[in-house]
Each structure stands twice: as C-alpha cells, then as structure tokens.
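Undergrad: Just so we're aligned, residue 3 is where the first sequence starts under the working numbering, counting upward by one.
Note that CB positions come from ideal geometry on N, CA and C, so glycine has one too.
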Amino acid sequence: MMKKLENFAIQDFQNDLINWYRNEKRDLPWRKNQDPYKIWVSEVMLQQTRVDTVIPYFNEFTTKFPTIQALANADEEEVLKAWEGLGYYSRVRNLHSAVKEVNECYGGIVPNDPNEISKLKGVGPYTKGAILSIAYNIPEPAVDGNVMRVMSRILSIWDDIAKVKTRNLFEEIIREIISQEYPSDFNQALMELGAIICTPTSPSCLLCPVREHCAAFHEGVQTELPVKSKKKKPVPLQMAAAVLYDENGQLYIHKRPPTGLLANLWEFPNCELKQELNKTHTEQLALFLKEEYDIEAALQPLIGTIQHIFSHRIWNLSIYFGEIKSMESEKLVQVDEETIKQYAFPVSHQKIYKMYKGEI
DNA sequence: AAGGCGTGGAC
DNA sequence: TGTCCAAGCCT
3 MMKKLENFAI
13 QDFQNDLINW
23 YRNEKRDLPW
33 RKNQDPYKIW
43 VSEVMLQQTR
53 VDTVIPYFNE
63 FTTKFPTIQA
73 LANADEEEVL
83 KAWEGLGYYS
93 RVRNLHSAVK
103 EVNECYGGIV
113 PNDPNEISKL
123 KGVGPYTKGA
133 ILSIAYNIPE
143 PAVDGNVMRV
153 MSRILSIWDD
163 IAKVKTRNLF
173 EEIIREIISQ
183 EYPSDFNQAL
193 MELGAIICTP
203 TSPSCLLCPV
213 REHCAAFHEG
223 VQTELPVKSK
233 KKKPVPLQMA
243 AAVLYDENGQ
253 LYIHKRPPTG
263 LLANLWEFPN
273 CELKQELNKT
283 HTEQLALFLK
293 EEYDIEAALQ
303 PLIGTIQHIF
313 SHRIWNLSIY
323 FGEIKSMESE
333 KLVQVDEETI
343 KQYAFPVSHQ
353 KIYKMYKGEI
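Written out as structure tokens, the structure reads:
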C-alpha cells in the first residue's frame with residue numbers, strides 16, 4: 003500500500019462512486035454495447051475532444067465503417083474525409099493503420115492483452131486501459147485528464163499533471179484502488195465524475211457522491227487543484243492562399259505531405275509571407291506559384307482574410323482568386339465541384355472554399 | 001522531456 | 001476578448 007492511500011477507504015469509495023455512476027451516467031452512443039472496435043473508435047475520437055463534438059462523428063463513422071473489416075478495407079481518402087473537422091488527423095491515420103494490423107495479424111479481433119494492444123499505432127497508456135477495461139472488463143488503469151483532476155483533489159496531490167511522471171503516479175494509484183469486480187464501471191465513473199461534477203472550474207462539490215472521501219474538499223482547496231503548468235502561446239504567421247481556376251471553372255488543389263501539420267489533407271496553394279522581402283503580398287504569392295508550381299496566374303486584388311488558430315500557431319491568411327494562364331508542374335490536382343467534395347480539407351481551407359463560393 | 005499536433009466551446 | 005481548454009499520442 004502506497005503512502006498516499008493510508009487511511010483511504012478504498013471499498014467505500016468504490017461503492018459510492020460506482021453506485022452514483024450507475025444511476026447518473028449519460029446515455030452516450032458508445033455505451034450501447036461493448037463492441038471493442040466501437041469502444042476503440044470512441045476513445046480515439048475523444049482524445050482531447052469534447053463529447054458533444056464527438057457524438058455526430060462517432061455515429062457517422064461507425065455507420066460508414068461498422069466493423070474492423072470495413073475500416074481496414076476502406077481507402078485513406080474516405081477515412082480522412084470522415085474525420086474532416088475533428089482535428090488531430092494523425093489519430094485517424096494511426097487508427098486506420100492499427101485496424102489493418104488487427105485485421106491481418108489478430109483475425110480481426112482487438113487484442114485483450116496489454117502488451118499486444120500497446121503495440122498498435124495510436125494506442126497509448128490511456129487508450130490501452132480504456133479499451134481493456136471498458137470492452138473486456140480487465141482491471142487496467144485508464145488515466146486521462148479527468149482521472150488526474152479527480153484523484154488529485156480526492157488525495158490532495160500537488161504534483162504537476164503536465165509531467166509524464168505524474169501520470170505514472172496516478173496509474174500506480176489507480177492500480178491500488180480500481181474495482182477488481184467492476185473495472186469498466188469504475189474507470190468510466192471516474193471520468194464521468196470529472197466531466198459532470200468534478201469540473202476544472204467551479205466543481206459541484208455539494209452534489210459529489212464521493213466528497214466525504216475528498217481531501218481537497220475537506221481542506222477547501224478543490225479549485226486550486228490540479229496543478230498544471232501553462233502551455234506556450236501560439237506563434238502568429240502571415241500567409242497567402244490562392245483559389246486558382248481555369249476557363250472551365252476547374253479548381254487546382256494540393257495534397258499536403260504525409261507527415262506534420264494536417265498531414266495528407268488537401269489545401270489551396272499557399273505560402274508564408276515575409277516582411278523583409280520588401281515585396282507586396284500579391285508579388286510574393288505570384289513568385290511562390292511560379293517557383294513551386296511553375297504557374298502563371300492572373301491574380302485578383304485581395305478578396306478577404308481568414309484567421310485560424312491552432313494549438314501552437316496562428317494562420318493569418320490573405321485570400322486571393324486567380325485564373326490560371328499556364329501550368330507546367332503536376333503537383334496540383336485539377337478537380338471539379340463534385341470531386342472536391344470527396345477530399346478532406348482542414349477547416350481553414352473549407353472557409354477559403356466557402357469564400358470562393360460566396361457563402362461567407 | 002517537452003513540443004508538435006486541431007477544433008470549437010465555455011467563461 | 002482572450003484564455004484555457006477536452007476521455008492523448010508521438011517523437
């Protein structure tokens with residue numbers, strides 16, 4: 003028994019927590035059954051993403067790809083399109099790759115072994131524990147931000163939860179206190195409590211089923227926990243993007259490289275703008291189109307601007323339209339208005355397209 | 001170990 | 001309005 007858990011009434015805590023969960027849990031689409039594949043999809047979608055955002059994506063994704071086999075046999079283009087707008091797109095490329103591996107190496111059955119499931123792309127310590135406990139009822143910790151917030155308050159733990167070492171500490175703690183009989187309900191109850199009651203700001207302690215077990219509540223410091231170091235501010239970038247069309251109204255788009263930001267998504271040709279070049283934005287964009295794509299285009303004056311904020315950078319996009327006069331390279335793909343609907347674009351470039359269509 | 005990696009919501 | 005996020009993983 004670790005020191006943090008001396009005098010902690012594990013059995014009572016489990017009972018209070020699980021009983022509350024069974025009465026109060028939300029009716030969510032991924033709680034209709036224990037299909038390991040669908041639990042897996044939901045867990046990947048829920049990484050750093052709100053429940054309300056995920057629900058419609060989960061329903062559409064699991065309708066379009068209802069089984070391991072269906073997803074394994076799908077084209078990446080179609081899979082990315084189903085993820086369009088959800089963000090963190092490497093999640094779905096890793097999921098697709100891992101599902102193919104399960105289909106080929108595990109007979110289409112999601113492995114229930116901690117070592118095997120950990121080897122799958124995109125399955126980290128949290129997702130491993132979530133799948134094993136929720137789909138297979140195996141008593142493995144599933145430590146996410148909710149669990150760290152709840153348990154840091156319950157046990158008055160002041161370690162910085164942004165550190166890897168701290169997450170490992172919480173895993174050790176959960177291994178000690180997880181219900182061996184009902185690990186699925188236990189893990190989900192901790193997360194549900196964090197989502198509904200033990201929220202980051204203004205937690206509803208008077209409604210909390212485990213407040214009698216909560217050290218932070220007794221000490222009145224619940225709003226000071228958890229301790230979490232701050233992230234850096236995003237770096238602003240000036241950019242220009244061009245919607246290029248020919249005399250037939252065909253559009254010319256670019257597929258981003260297979261690694262890095264927005265990997266494998268489509269975009270309108272664009273470049274970063276530099277102040278020190280002493281050229282106008284239009285001149286810089288025209289030069290970029292010439293050098294990168296060997297394109298001559300008749301660019302119109304500035305149409306408008308779009309700002310898009312990422313976790314780590316800010317795109318300030320100046321938008322131009324222009325008719326292509328000549329193009330030598332084949333780095334751009336010609337699409338019509340029907341074809342373009344099949345391709346996944348980042349939200350910033352969806353806005354550019356809407357601007358072109360006059361919808362914004 | 002710490003930064004890259006999206007997006008839309010809440011305050 | 002700006003700030004901080006929300007069921008993390010990868011390198």
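Our contact map puts Ile308 next to Ser350 with C-beta atoms below 8 angstroms; I'd like the distance itself, whole angstroms only.
TA: Confirmed, Cβ separation roughly 6 angstroms.
Undergrad: Measure how close the beta-carbons of Pro236 and Phe312 come, nearest whole angstrom, since I'm counting them as under 8 angstroms.
TA: Yes, Pro236 and Phe312 are in contact; Cβ-Cβ is about 6 angstroms, under 8 angstroms.
Undergrad: Excluding the five sequence neighbours on either side, which residues of its own chain have a C-beta within less than 8 angstroms of the C-beta of Asp209, listed in chain order?
TA: In the sequence on display, residue 209 carries Leu and not Asp. Within the same chain, Leu209 has close Cβ partners Ile199.
Undergrad: How many whole angstroms separate the CB atoms of Leu97 and Gly126, which I take to be in contact at a CB cut-off of 8 angstroms?
TA: 12 angstroms between Cβ atoms; not a contact.
Undergrad: Below 8 angstroms between beta carbons: does that hold for Gln188 and Val145?
TA: The sequence given here places Phe at residue 188; Gln does not occur at that position. No, the Cβ-Cβ distance between Phe188 and Val145 is not below 8 angstroms.
Undergrad: Can you say whether Lys165 is buried or exposed, counting buried as having 16 or more other CB atoms within 10 angstroms of its CB?
TA: Exposed, because fewer than 16 other Cβ atoms sit within 10 Å of the Cβ of Lys165.
Undergrad: What three-state label does DSSP hand Glu278 in the structure shown?
TA: Three-state DSSP puts Glu278 in a helix.
Undergrad: Classify Ile111 as buried or exposed, calling it buried when 16 or more other Cβ atoms lie within 10 Å of its own Cβ.
TA: Under this definition Ile111 is an exposed residue.
Undergrad: Pull up the CB-CB distance for Val229 and Trp160, whole angstroms please, since I reckon it's below 8 angstroms.
TA: Val229 to Trp160, Cβ: 5 angstroms. Contact.
Undergrad: Curious, which full-length beta strand (DSSP E) runs of at least 3 residues does the region 304–352 contain?
TA: Entirely contained in the region 304–352, the beta strand (DSSP E) runs reaching 3 residues are, in chain order, 306–311, 315–329, 335–337.
Undergrad: Check the DSSP bridge columns for His256 and list the partner residues they point to.
TA: Answer is Glu269, bridged to His256.
Undergrad: Assuming Pro238 is part of the beta strand (DSSP E), what are its boundary residues?
TA: From DSSP, the beta strand (DSSP E) with Pro238 extends over 237–247.
Undergrad: Between the region 215–222 and the region 241–257, do three or more beta carbon pairs fall short of 8 angstroms?
TA: Touching, no, given that fewer than three Cβ pairs across the two stretches are closer than 8 angstroms.
Undergrad: Does the distance from the C-beta atom of Ile180 to that of Leu7 stay below 8 angstroms?
TA: For Ile180 and Leu7, no; Cβs fall outside 8 angstroms.
Undergrad: On the criterion of 16 or more Cβ atoms from any shown chain inside 10 Å, does Thr341 qualify as buried, or is it exposed?
TA: Exposed: under 16 other Cβ atoms inside 10 Å.
Undergrad: Note down the Cα distance separating Gln344 from Lys83, rounded to an integer number of angstroms.
TA: Going from the Cα of Gln344 to the Cα of Lys83 covers about 7 angstroms.
Undergrad: Just reading off the beta strand (DSSP E) that Ile297 is part of, what are its end residues?
TA: 297–301 is the span of the beta strand (DSSP E), which, as asked, contains Ile297.
Undergrad: For Asp161, does the three-state DSSP call read helix, strand or coil?
TA: Correct three-state label for Asp161: coil.
Undergrad: If we call anything under 8 angstroms between Cβ atoms a contact, is Gly196 one with Arg258?
TA: No.
Undergrad: Just to check, is the beta-carbon of Ile111 closer than 7 angstroms to a non-hydrogen atom of the ligand ADP?
TA: The ligand ADP is not part of this structure, which contains no ligands at all.
Undergrad: Quick check: the region 9–22 against the region 37–44, are at least 3 beta-carbon pairs closer than 8 angstroms?
TA: Segments in contact, no.
Undergrad: Residue range of the alpha helix (DSSP H) that Pro127 falls in?
TA: That run of the alpha helix (DSSP H) goes 127–138.
Undergrad: So does the region 324–332 actually touch the region 297–306, counting three or more Cβ pairs closer than 8 angstroms?
TA: Judged by Cβ distances under 8 angstroms, the region 324–332 makes contact with the region 297–306, as three or more pairs qualify.
Undergrad: Which of the three DSSP states is assigned to Val229 in this structure?
TA: Residue state, collapsed to three classes: strand.
Undergrad: Just checking my contact of Ser231 with Asp162 at CB under 8 angstroms: how many whole Å lie between their CB atoms?
TA: Confirmed, Cβ separation roughly 5 angstroms.
Undergrad: In this structure, how does DSSP classify Gln182 when only helix, strand and coil are distinguished?
TA: If DSSP states are grouped into helix, strand and coil, Gln182 belongs with coil.
Undergrad: Sorted by chain position, which residues of the same chain lie with C-beta nearer than 6 angstroms to Asn114's C-beta, five sequence neighbours on each side aside?
TA: So the list reads Tyr138, once near-sequence residues are dropped.
Undergrad: At the level of alpha carbons, what is the spacing between Asp54 and Asp29?
TA: Approximately 12 angstroms between the Cα atoms of the pair.
Undergrad: Using 8 angstroms as the threshold, is the C-beta distance between Phe270 and Glu86 below it?
TA: Not a contact, by the Cβ cut-off of 8 angstroms.
Undergrad: Please classify Gln190 as buried or exposed, where buried requires at least 16 other C-beta atoms within 10 Å of its C-beta.
TA: Buried is the call here.
Undergrad: Can you tell which of Glu332, Pro143, Glu278, Ser204 has its C-alpha closest to the C-alpha of Arg370?
TA: The requested residue 370 is not part of the displayed model; the chain covers only 3 to 362.
Undergrad: Between the beta-carbon of Ala265 and the beta-carbon of Leu319, is there less than 8 angstroms?
TA: It is not a contact, given that the beta carbons lie outside the stated cut-off.
Undergrad: Could you pull out every residue in the same chain whose Cβ sits closer than 8 angstroms to the Cβ of Met153, ignoring the five residues on either side in sequence?
TA: For Met153, where only same-chain residues beyond five positions count, the Cβ hits under 8 angstroms are Ile159, Phe172, Ile175, Ile176, Leu192.
Undergrad: Quick test of your reading: Leu291 and His283, contact by CB under 8 angstroms. State the CB separation rounded to the nearest angstrom.
TA: Not quite, the Cβ-Cβ distance comes to about 13 angstroms (not below 8 angstroms), so this is no contact.
Undergrad: Between the alpha carbons of Asn35 and Ile136, how many angstroms are there, rounded?
TA: Going from the Cα of Asn35 to the Cα of Ile136 covers about 10 angstroms.
Undergrad: Over what stretch of residues does the alpha helix (DSSP H) that includes Tyr39 continue unbroken?
TA: 38–47 is the extent of the alpha helix (DSSP H) around Tyr39.
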